[in-house]
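Those sequence lines, one after another, are chains A and B.
Heads up: the first sequence is residues 1 to 432, going by the UniProt record's numbering.
Heads up: the second sequence is residues 1 to 432, going by the UniProt record's numbering.
We treat Cβ as the ideally placed atom computed from N, Cα and C, and that holds for glycine.
Input: a single structure, listed below in C-alpha cells.
There are 2 protein chains.
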Amino acid sequence: MATAHGLKINAQRLNDTLQSTCSSWGALAAPSTGMCRLTLSQEDKGVRDWLVAECKSLGCEVKVDQIGNIFAVRKGEVEGAKPIAMGSHMDTQPAGGRYDGILGVQSALEILRTLHENNIRTYLPIALVNWTNEEGARFPGAMMASGVWSTHSSTPLEACWDLQDKDGISMKHALEDIGYLGTTPADYRENGLECHFELHIEQGPLLEIGGKTVGIVTSVQGMKWFAVRVEGVEGHAGATPMPNRADALVTASRLITVVRDAALSTALGVATVGVIKSDTSSQATIPAGVDFIIDVRCTTDEMVDQLASTIFKSFDKVIADENNGTSYAITRSWGMPQSIFHPRCIEACRNAALKVVGEAQVMEMKSRAGHDTAWTSRVCPSSMIFVPSKDGLSHNPNEYTSPEHCAVGAEVLLEAVLGYDGKVRAGEYMSS
Amino acid sequence: MATAHGLKINAQRLNDTLQSTCSSWGALAAPSTGMCRLTLSQEDKGVRDWLVAECKSLGCEVKVDQIGNIFAVRKGEVEGAKPIAMGSHMDTQPAGGRYDGILGVQSALEILRTLHENNIRTYLPIALVNWTNEEGARFPGAMMASGVWSTHSSTPLEACWDLQDKDGISMKHALEDIGYLGTTPADYRENGLECHFELHIEQGPLLEIGGKTVGIVTSVQGMKWFAVRVEGVEGHAGATPMPNRADALVTASRLITVVRDAALSTALGVATVGVIKSDTSSQATIPAGVDFIIDVRCTTDEMVDQLASTIFKSFDKVIADENNGTSYAITRSWGMPQSIFHPRCIEACRNAALKVVGEAQVMEMKSRAGHDTAWTSRVCPSSMIFVPSKDGLSHNPNEYTSPEHCAVGAEVLLEAVLGYDGKVRAGEYMSS
C-alpha cells in the first residue's frame, strides 16, 4: 500500500498499538473484546498519558485545552501556521467497542510515527487531536468538547464544567482529577485548525452490504433529541382496579412503540429510545411518572422535523385513545443540524481513496451518526473517511473492523493529509 | 362511640398523634402531605424510638426481634400467655401516604393508651406489633419481616440480613445502625401470638363506591411476581437502519402493553409493571437488554396462574410478531399464595363492626393488597379490618382517610380485641 508520496504506514504496528492500548485501559472482562473507557475516567487518563508521551517522543508539541482536548502538533515548514488536523476520540460507551473513535486517533498516531521515521517535512504543521467526551455517556451531551471548541454548541464551556455524572462528580472536577484541565483556550479562534480530517468506522452496514472498503463522507445527517415525561397517577398495584388506572408506564410503552412505528414508515429516518426511567422503584406501585429520551435522525433537518412532527401527532392519538388521565410533555429538546462537509476536504479524501484502493472500492455516503467533525466543519474545512463495520454493529462490545480495513483507512487518511498539504504548498488553496 | 365494654378511644388524640409523628419523621416537603419513611432509615428510627418510649410509659414490656419487629406487650391476667396482637407497619413507600400501615400501629397505641387510662385488666396480654419492612421499598421483598417471623417465607432471616439497598447497605447493617437488631428470636414458635388483628386502609375504592365505612376482610388475594429480561442487540441509534434493529426496549414496551391488556380482560385480576431498567444509559444506543418486574394478583391462586399463563402466551405472540431477534426470559419468580383468614377473628371483627357502626355500614371483602396478616394467618388465627381510602388512592402522597374513619377503625379494632379476649376468658376458645 505505498502512496504516491512513497510513504507507507505500518499496518502491523497500527493494529498492535490499537489492541494493546485497548487491553490496557478500559477492556471489558474476557471473553468480551468490548470496552468501557468512559471520558475522564482512570482508564481514559491511562490512555491519554500514554498518547501524550508517544506524541512527545515523536517531537510533537502537546497542548491541552480547558475542556481536556489534546492537540499534538508536528512542525511544518511554515512557522506558526494552523495545522492540518487528524482528530477523533478515545472515550467509549459503557459497553462499546475498540474502533469507534479509537481507530481515528490511533491512525493519526501511526501517521505521525510514519512521518517521523521517514523524516518527512510537511508544508503546514500536522496535528493529532483527541476530542474529550465525544460519546456523552458519562456527562450528557455527545460531541461535547468539539462543540465547545467550535463555539457553535448551545452548551458553552462553563455549563459543561458544571455537568455532573451519575455519582455527582462535575466535569470540571473530573478534568482536574485526571490532570487534563488545560490552559489553552477551548476556542477555535484562539487555537485554530487549517482543516480537520477524521477517519472513523461506519457504525452501519452500508459499506459491507455494498462490498466497498472506503466511504467518502460528504455530510452528517441532522439530529434532534427530545426529553419526554409521561405523567399518570401513582397507585397500589394490588388494590387499584385495572379500569381505574392512570399508569404512566403503560402509556410510555405505547409511545415508545409509536416512535419505532413512525420511524419505520420513513425511507431512511431513524428514531430511538435508549434511556428510560420510572418514578417508582417499587414493584407494587403503579408508576406516576416515566421519563425517556427520543433520538431522531434524518438525512436533512427538514426530514428530522417531519419525523418528529409525525411522532408527536401519534403521541396525541395514543393519549386520546388511552383516555385514562395520563399525559405527556416534552421537557427539553436539543439537536445538531445537518453538516455539509467542505469540497476541498472531500476532494482530498476521494483522491486519496482512489489511489489507495481504486474506484471500485469507494462509496460516497452520508454519516448517520454524529461526529466531532460535524462541529469542526462549522469553523474549518472538514470531512471524514469511513471504513466498514462488521455486521454494521457499533456501540456494542462486538463492534469489529478488520486490521486490513483499519490499515486502508489510515493509508487514505495519510494520503488525504499529504494531498491537502501539497495543494496548500502549491498555492492552490489560500490558507484560511 | 362507646363500646359495649364502656370504653371509648380518643379520636382527637389518635389523629393528633398520627399527624404529628408523620410530620416529625419522614414527611415529604409541603404542600405534599405524603411520606417517605423507608424501613430502617433515620426517619424510621425516629418514630420507632418514640413508639418504644410511649409503650414503655404505658407499662408495656418491649421486645425487639432479630429482624427489628417491635412487640410491646401489656400484661393480662394470665401470666406468660401469648398475647392478642394488634399489628401493622410504620414504614412507607418512597412517595407514600400517612395511613398505609401507620394507621394500624397508631390505632394499636391509642388502644393501649385507652386500656391504660381506664385501668382495664384483660384476660390475655395485649400486644402492639410493628412489623419491619412491610413495603419492601428499600430492601426488596414486601411483608418481609412478618414472613420471617412466620417461618413460611421463602426468604429466611439470614438471607434477609444479606439483602442490600441501592446504596449497597445490607439490611443487617441497617438494623444495627439504628439500634434495632434485637435478640428475641424472629420465629413465632419462640415468640408467639395468640392471634393477630390488623386495622388498615383499603387502598382501593370499593368501600367508598359501596358507601360503607368498615370492611371485614376474609382473605387476601394470591399474588405472584415475575422478573422478566428482554434481550436484543445493542447498536448505534444513528447508524442502524430501523429494519435491522433488535431493540430490547421496543419489544419490552409491547410486552408491558400486553400485561395491561391481559389483566384488563379479566374480571378482577390486576397486573402491573412498576420497575423497569434499560441496559444503556446512553440516548444514542439501541438497548441490548431491558429488565422489568410483573406483579400479578387475583382472588385465587388458580386465577393468578391463569392470568400469568395468558400474559406469557401473549408475550410469545409479540416475539413471533416482532420477529427481529429479540427474546424474553423469566429470570425469577416468587409469590404469596392466597390467605384465608380465621373464622374466630373474622367473627370478632364482624361483631365489633356491627356494634360500632351497624350492619348497613359493613361490607365483607377480600384484600387485593398483601399485608403482614397474610403471613400471621399461616401460624395463628388472624384477620383484618379495612376503612375507606379516598378515591381508592394508596402508595401515593395524596392517600387520605378521614379522622372519623380512622377513629371508627380504631374503635372496631378495640372491640374485636376485647371481644376475642372475652371469649377466651369464657372458655369458648381453647387458647392455641
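#### Entry: Residues sharing a beta bridge with Y328/A, DSSP
V230/A, per the DSSP bridge assignment.
### Message
On the DSSP letters alone, give me the boundaries of the beta strand (DSSP E) that C298/B sits inside.
### Response
G289 to C298
### Message
I want to know whether the segment 295–313 of chain A touches the segment 194–202 of chain A - three or more CB-CB distances under 8 angstroms.
### Response
Because the criterion of three Cβ pairs below 8 angstroms is not met, the segment 295–313 of chain A and the segment 194–202 of chain A do not touch.
### Query
Listing by chain order, which chain B residues have their CB less than 7 angstroms from the CB of A369/A?
H236, G238 and A239
### Message
Quick check: the Cα distance between I319/A and A239/A, rounded to an integer number of angstroms?
### Response
24 angstroms
### Message
Could you tell me the alpha carbon to alpha carbon distance between R121/B and E415/B, rounded to whole angstroms?
### Response
Spanning the alpha carbons of R121/B and E415/B requires a straight line of approximately 15 angstroms.
### Query
Under a Cβ-count criterion, where at least 16 other Cβ atoms within 10 Å of its own Cβ denotes burial, should Q42/A be classed as buried or exposed?
exposed
### Task
Indicate whether M365/B and G215/B have their beta-carbon atoms separated by less than 8 angstroms.
yes
### Task
Please check the pair H371/A and V220/A, which I expect to be a contact at CB under 8 angstroms, by giving their CB distance rounded to whole angstroms.
6 angstroms
### Query
Near K75/A, what residues of its chain come up, given a Cβ to Cβ distance below 7 angstroms and the 5 sequence neighbours on each side ignored?
P125
### Message
Tell me which residue opens and which closes the alpha helix (DSSP H) that S394/A is part of.
### Response
First-last for S394/A: undefined, no H or E at that position.
### Query
Looking only at C-alpha atoms, which of C345/A, V290/A and V362/A sits nearest to S327/A?
Considering only C345/A, V290/A and V362/A, the residue with the shortest C-alpha distance to S327/A is V290/A.
### Query
DSSP on T132/B, reduced to helix/strand/coil?
coil
### Message
Contact criterion: CB-CB distance below 8 angstroms. Does M1/A meet it with respect to chain B?
### Response
Note that M1/A scores a pLDDT of 38, beneath 50, so its modelled location is shaky and nothing firm can be said.
#### Entry: Interface positions of the segment 327–355 of chain A facing chain B (Cβ-Cβ less than 8 angstroms), listed along the chain
Listed by position along the chain: nothing, the set is empty.
### Task
On the DSSP bridge assignment, give the partners of V362/A in chain order.
V214/A
### Query
When burial is assigned at 16 or more other CB atoms within 10 Å of the CB, is K56/A buried or exposed?
exposed
### Query
Under a three-way DSSP split, which group does residue 457/A fall into?
No answer is possible for residue 457/A: the residues shown for chain A start at 1 and end at 432.
### Query
Do you know offhand how far A11/A's Cα is from E404/A's?
In this structure, the CA atom of A11/A is about 8 angstroms from the CA atom of E404/A.
### Query
Using a beta-carbon distance below 8 angstroms, is N133/A in contact with chain B?
Taking Cβ atoms only, chain B never reaches closer than 8 angstroms to N133/A, which makes this a no.
### Task
In angstroms with no decimal places, state the Cα-to-Cα distance between P337/A and T155/A.
15 angstroms
### Query
In chain A, what lies closer than 8 angstroms to residue 481/B by C-beta?
Because residue 481/B is not part of the residues shown, which for chain B are 1 to 432, the question remains open.
### Message
Quick check: is the beta carbon of A159/A nearer than 8 angstroms to any beta carbon in chain B?
### Response
no
### Buried or exposed by the 16-neighbour rule on C-beta atoms within 10 Å, applied to S23/B
exposed
### Query
According to DSSP, is H152/B helix, strand or coil?
coil
### Task
For W375/A, decide whether its Cβ has a neighbour in chain B, counting only Cβ atoms nearer than 8 angstroms.
Against chain B, the CB of W375/A has no partner CB under 8 angstroms away; the residue lies outside that interface.
### Message
Tell me the rounded alpha-carbon separation between T92/B and T33/A.
### Response
45 angstroms
#### Entry: Interface flag, P125/B vs chain A, CB-CB below 8 angstroms
no
### Query
To which residues of the same chain is N396/A closer than 8 angstroms at the C-beta, ignoring the five residues directly before and after it?
G34, A95, G96 and G97
### Task
Identify every residue that forms a DSSP beta bridge with G222/A.
C298/A
### Best match in I9/B, D261/B and M90/B for proximity to N118/B [C-alpha to C-alpha]
The shortest C-alpha to C-alpha distance from N118/B to any of I9/B, D261/B and M90/B is the one to I9/B.
### Query
Secondary structure at M242/B, three-state DSSP: helix, strand or coil?
helix
#### Entry: Under 9 angstroms from the C-beta of G104/A: neighbouring residues of chain B
Ordered by position in chain B, no residue passes the 9 angstroms Cβ test against G104/A, which lies about 15 angstroms from the chain.
### Message
Does the CB of S253/A have a neighbour CB from chain B at under 8 angstroms?
### Response
yes
### Any C-beta of chain A under 8 angstroms from that of E208/B
no
### Task
Would you list, in sequence order, the uninterrupted alpha helix (DSSP H) runs of no fewer than 4 residues that lie entirely inside the segment 33–63 of chain A?
42–57
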